[in-house]
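Take a look at the structure below.
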Amino acid sequence: MNIEETILHYLDKKQKLLADLAKDIWDHPQIGLQETYASKLIADVLQKEDFSITRGAGNMLTAFIASWGKGKPIIGILGEYDALPGLSQKMSTKKEPIKDGQPGHGCGHNLLGVASLGAALAIKEAMKNNSINGTVRYYGCPAEETLIGKVFMAKSGVFDDLDASLTWHPMNVNTVWSSSCFAMNSFKLNFHGISAHAGASPEKGRSALDGV
């Protein structure tokens with residue numbers, strides 16, 4: 003088999019495993035930076051497949067790096083697994099929360115890390131069967147929705163030696179995403195007012211709400 007055939011054949015064999023993992027993560031939703039269940043689940047699978055595991059990447063409990071192979075090129079596969087607040091949902095095509103107000107996996111977040119896991123395992127299989135030199139790394143990235151996880155991982159330098167990194171997101175079509183997105187900065191603002199008696203001397207006060 004050529005490389006493409008090797009990958010497709012391998013993924014066919016792993017189809018049930020990957021589907022079961024996606025369902026398992028769906029059933030155990032945890033919001034960003036708290037994804038202890040999904041993080042351990044995926045890391046344990048990679049460890050069984052002979053990847054070396056470094057947990058706590060970027061000083062985050064639910065971030066990890068799994069590496070297989072040696073030398074260049076180094077290809078990074080990014081996987082995420084955070085649930086979203088308030089999106090608790092049964093496996094149904096209509097809105098049916100398991101528990102109102104609890105987190106759930108909106109827009110395919112239970113698939114993000116699992117499909118990337120499949121990609122990393124399939125690449126490893128193709129490299130091994132075809133004696134291809136190089137390293138494949140799976141990056142377990144928390145908090146995809148709030149854009150926090152990969153920022154702290156990048157600041158800690160875990161991506162610095164990559165030759166390429168690949169990620170994905172569920173869509174209604176299969177395509178290479180070539181569009182760009184606006185940058186996003188998270189920040190806090192504190193508004194300070196001056197207290198005054200609202201009835202006797204309101205002119206001496208300054209409401210912090212006026213600045214909001």
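Heads up: take any position in the sequence shown, counting from 1, add 2, and you land on the working numbering. Glycine included, every Cβ here is placed at the ideal spot set by N, Cα and C. Please read these numbers as outputs of a predicted model, since none were measured by experiment.
Going by DSSP, I77 is part of the beta strand (DSSP E) stretching over I76 to E82. Counting along the chain, the unbroken alpha helix (DSSP H) around L123 starts and ends at H111 to N131.
Looking from the CA of W28, the closest CA among G60, A59, Q17 and L89 belongs to L89. Rounded to whole angstroms, the gap between the alpha carbons of Y83 and G115 is 5 Å.
Between K72 and T177, the C-beta gap is not smaller than 9 Å, which leaves the two residues out of contact. Taken atom to atom, the span from the alpha-carbon of I44 to that of L23 is near 8 Å. Of the residues assessed, H111 falls on the buried side of the cut-off, its CB having 16 or more other CB atoms within 10 angstroms.
Judged by DSSP in its simplified three-state form, W70 adopts strand.
Distance check between G34 and each of E146, L48 and G142 places E146 closest, using alpha-carbon atoms only. Across the structure, S197 and E98 are spaced so that their CA atoms are roughly 46 Å apart. Scanning its chain for C-beta atoms nearer than 7 Å, with the 5 sequence neighbours on each side dropped, one finds around T148 the residues G34, in chain order. In the three-state DSSP reduction, A145 falls in the coil class, being neither helix nor strand.
DSSP places A210 within a helical segment (H, G or I) once states are collapsed to three.
The distance from the Cβ of L113 to that of Y140 is about 15 Å, inconsistent with a contact at the 8 Å cut-off.
When DSSP states are grouped into helix, strand and coil, G106 belongs to the strand group. Assigned with DSSP and collapsed to three states, T95 falls in coil, not helix or strand. T56: member of the beta strand (DSSP E) spanning S54 to R57, first to last residue. A Cβ-Cβ distance of about 5 Å is found for the pair L13 and A124, placing them in contact under the 8 Å criterion.
Straight through space, the alpha carbons of A68 and Q49 are spaced by roughly 8 Å.
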